[in-house]
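Engineer: Chains as they are written, first to last, in our numbering: chain A, 31 to 177; chain B, 62 to 263. Glycine included, C-beta positions come from ideal geometry on N, C-alpha and C.
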Amino acid sequence: MTASERPPSPGAFPRREPRQPVAGPDSEPEWYDEEAGPVVRHYARTYGRTKPRRGEFDLITLILATKTPNEIDPTLQPELATIIRLCQTPVSVAELATRLDLPTGIVRVLLGDLLDRGYIRTRSPAPAAQLPTERVFKAVLDGLRSL
Amino acid sequence: MAYGPSDTTGEETLPVALKILIAGGFGVGKTTLVGAVSEIQPLLTEEYLTDESIGIDDTSQVQSKHTTTVAMDFGRITLSHDLVLYLFGTPGQDRFWFVWDELSAGAIGAIVLADTRRLADCFPSVDYFEQRGLPFIVAVNQFEGTRQYDIAEVQMALNLDPGVPVIMCDARKRESARDALICLVEHAMRTAWGKPTPAPVG
Chain A
31 MTASERPPSP
41 GAFPRREPRQ
51 PVAGPDSEPE
61 WYDEEAGPVV
71 RHYARTYGRT
81 KPRRGEFDLI
91 TLILATKTPN
101 EIDPTLQPEL
111 ATIIRLCQTP
121 VSVAELATRL
131 DLPTGIVRVL
141 LGDLLDRGYI
151 RTRSPAPAAQ
161 LPTERVFKAV
171 LDGLRSL
Chain B
62 MAYGPSDTTG
72 EETLPVALKI
82 LIAGGFGVGK
92 TTLVGAVSEI
102 QPLLTEEYLT
112 DESIGIDDTS
122 QVQSKHTTTV
132 AMDFGRITLS
142 HDLVLYLFGT
152 PGQDRFWFVW
162 DELSAGAIGA
172 IVLADTRRLA
182 DCFPSVDYFE
192 QRGLPFIVAV
202 NQFEGTRQYD
212 IAEVQMALNL
222 DPGVPVIMCD
232 ARKRESARDA
242 LICLVEHAMR
252 TAWGKPTPAP
262 VG
């Protein structure tokens with residue numbers, strides 16, 4: 031780029047016309063990946079269940095184990111034991127899913143079982159309709175500024 | 062507490078988790094920006110059932126169900142002992158709006174990354190957050206060899222509300238990515254609490 035280059039005219043960019051109709055929650059999603067196959071494989075781990083028996087787990091709900099790996103019942107399903115080992119410090123549902131290499135839908139069901147049996151504690155984010163308080167905003171800014 | 066919220070109570074308090082979305086066209090630098098500030102760099106792969114019976118506990122027709130796989134970057138920033146911020150790079154703009162809906166729910170806001178060589182690529186993101194009413198800023202990612210543009214040109218081309226900040230950033234640089242996050246949080250704060258502070262330019 032050179033200093034002599036002229037600034038572009040206002041028409042240099044394609045101009046966005048706001049509020050075009052876009053696909054939203056009410057529209058039909060388009061599906062691809064037809065060849066992806068059925069989901070039997072993963073859901074076998076949850077005995078076919080697709081919803082947790084207890085609790086609601088957002089992607090950023092934090093999970094903390096209430097038991098140490100030594101206290102795990104040896105007959106516990108291996109995936110559940112692994113989750114307890116991973117949750118010795120607070121871990122989000124999204125992180126668990128990547129570490130377990132499982133879809134979050136499956137992880138949620140497994141977490142519901144662990145919650146039901148008292149193996150974990152959870153903290154969900156504030157409800158979507160609830161704005162963070164000014165105190166939370168300021169704490170976020172303080173934290174970011176000190177990075 | 063049998064009928065209480067899903068959150069269990071206990072002796073040790075768990076941190077509060079918050080999230081911010083990083084959106085924009087393919088190859089605009091979302092992964093780079095998340096990686097520049099995150100303590101971790103995992104990729105979240107999600108499987109979704111692709112027929113309308115999704116969410117119903119009926120596996121009898123499972124042979125006819127198909128899945129679609131969505132990949133999104135996410136990162137984590139521990140802000141303090143009781144506050145954790147998650148960043149989610151939104152998946153492809155044209156296909157996965159239902160994922161965006163889940164990600165947007167409860168988010169502080171979004172950073173829309175723009176590339177001046179392909180500015181139109183960020184239009185769908187801008188449209189989405191505008192319609193959804195989620196606070197967002199536009200961060201123009203500066204790529205080497207591209208001409209510097211005037212912020213006002215981008216603002217005009219995007220047809221943004223005057224209050225929406227447009228900033229320059231270098232998604233590879235930690236400080237620059239952090240500054241974009243700060244700009245967004247300040248903007249979300251102004252939006253939430255009606256502070257009549259003008260949006261920064263530059």
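I think residue 223 of chain B touches residue 248 of chain B, with their Cβ atoms under 8 Å apart; what is that distance to the nearest whole Å?
Structural biologist: Indexing the second sequence from 1 puts residue 223 of chain B at position 162. Indexing the second sequence from 1 puts residue 248 of chain B at position 187. In fact, because the Cβ distance is near 12 Å, the residues do not count as touching under 8 Å.
Engineer: Residue 254 of chain B: buried (16+ other C-beta within 10 angstroms of its C-beta) or exposed?
Structural biologist: Residue 254 of chain B sits at position 193 when you count from the first residue of the second sequence. Burial call: exposed.
Engineer: Give the C-beta separation of residue 174 of chain B and residue 183 of chain B to the nearest angstrom, bearing in mind that I take them to be a contact with Cβ-Cβ under 8 Å.
Structural biologist: Here residue 174 of chain B is taken as the residue at index 113 of the second sequence, counted from 1. Here residue 183 of chain B is taken as the residue at index 122 of the second sequence, counted from 1. Contact flag correct, Cβ pair sits at about 7 Å.
Engineer: Do residue 84 of chain A and residue 142 of chain A count as a contact pair if the criterion is CB distance below 8 Å?
Structural biologist: Taking the first residue of the first sequence as 1, we reach residue 142 of chain A at position 112. Taking the first residue of the first sequence as 1, we reach residue 84 of chain A at position 54. The answer is yes: Cβ separation under 8 Å.
Engineer: At a Cβ threshold of 8 Å, is residue 167 of chain B touching chain A?
Structural biologist: Start at 1 with the first residue of the second sequence, and residue 167 of chain B comes out as number 106. It does; some Cβ of chain A falls within 8 Å.
Engineer: Which residue's Cα is closest to the Cα of residue 99 of chain A: A:89, A:90 and A:110?
Structural biologist: Locating residue 99 of chain A in the first sequence gives position 69, counting from the first residue. It is A:110.
Engineer: Which term fits residue 58 of chain A, buried or exposed, when burial requires 16 or more other beta carbons within 10 angstroms of its beta carbon?
Structural biologist: The residue you call residue 58 of chain A lines up with position 28 of the first sequence. Any answer about residue 58 of chain A is weak, because its pLDDT of 48 lies below 50 and its placement is not dependable; what the coordinates show is given next. Exposed.
Engineer: Using a Cβ-Cβ cut-off of 8 Å, state whether residue 231 of chain B counts as contacting chain A.
Structural biologist: Stepping through the second sequence from its first residue, residue 231 of chain B is reached at position 170. It does not; no Cβ of chain A falls within 8 Å.
Engineer: Which of the three DSSP states is assigned to residue 118 of chain B in this structure?
Structural biologist: Along the second sequence, read from residue 1 onward, the residue named residue 118 of chain B stands at position 57. Because residue 118 of chain B sits at a pLDDT of 47, beneath the cut-off of 50, its placement in the model cannot be relied upon, and the following sentence gives the value as read from the coordinates. Three-state result, residue 118 of chain B: coil.
Engineer: Can you tell me whether DSSP reads residue 169 of chain B as helix, strand or coil?
Structural biologist: The sequence position of residue 169 of chain B within the second sequence is 108, counting from 1. In this structure, residue 169 of chain B counts as coil in the three-state DSSP scheme.
Engineer: Note the first and the last residue of the continuous alpha helix (DSSP H) segment covering residue 165 of chain A.
Structural biologist: By one-based count along the first sequence, residue 165 of chain A stands at place 135. That run of the alpha helix (DSSP H) goes 164-175.
Engineer: Is the region 135-150 of chain B touching the region 121-134 of chain A in the sense that three or more CB pairs, one from each, lie closer than 8 Å?
Structural biologist: yes
Engineer: Provide the residue(s) that pair with residue 129 of chain B in DSSP beta bridges, ordered along the chain.
Structural biologist: Here residue 129 of chain B is taken as the residue at index 68 of the second sequence, counted from 1. In the DSSP output, where bridge partners are listed per residue, residue 129 of chain B has B:109.
Engineer: If I follow the unbroken beta strand (DSSP E) through residue 80 of chain B, where does it start and stop?
Structural biologist: For the purposes of this step, residue 80 of chain B is identified with residue 19 of the second sequence, where counting begins at 1. Start and end: 77-85.
Engineer: According to DSSP, what are the bridge partners of residue 94 of chain A?
Structural biologist: As a first step, residue 94 of chain A is located in the first sequence; it is residue number 64 there, counting from the start. Its beta-bridge partners are A:151.
Engineer: What is the residue span of the alpha helix (DSSP H) that residue 243 of chain B lies within?
Structural biologist: Here residue 243 of chain B refers to the residue found at position 182 when the second sequence is read from its first residue. 235-254 is the span of the alpha helix (DSSP H), which, as asked, contains residue 243 of chain B.
Engineer: Given that residue 98 of chain B touches chain A, what residues does it touch there, using C-beta distances under 8 Å?
Structural biologist: For the purposes of this step, residue 98 of chain B is taken as residue 37 along the second sequence, with counting starting at 1. Result: 177.
Engineer: Please list, in chain order, the chain B residues whose beta carbon lies closer than 8 Å to that of residue 155 of chain A.
Structural biologist: Residue numbering aside, residue 155 of chain A sits at position 125 when the first sequence is read from its first letter. The answer, in chain order, is 77, 78, 79, 80 and 167.
Engineer: Ordered along the chain, which non-local residues of its own chain (more than five positions away) have a Cβ less than 6 Å from that of residue 155 of chain A?
Structural biologist: As a working note, residue 155 of chain A is residue 125 in the first sequence. If we look at residue 155 of chain A and ignore the five residues flanking it on each side, its Cβ neighbours are 88 and 90.
Engineer: Secondary structure at residue 99 of chain B, three-state DSSP: helix, strand or coil?
Structural biologist: As a working mapping, residue 99 of chain B is identified with position 38 in the second sequence. It is coil, neither helix nor strand.
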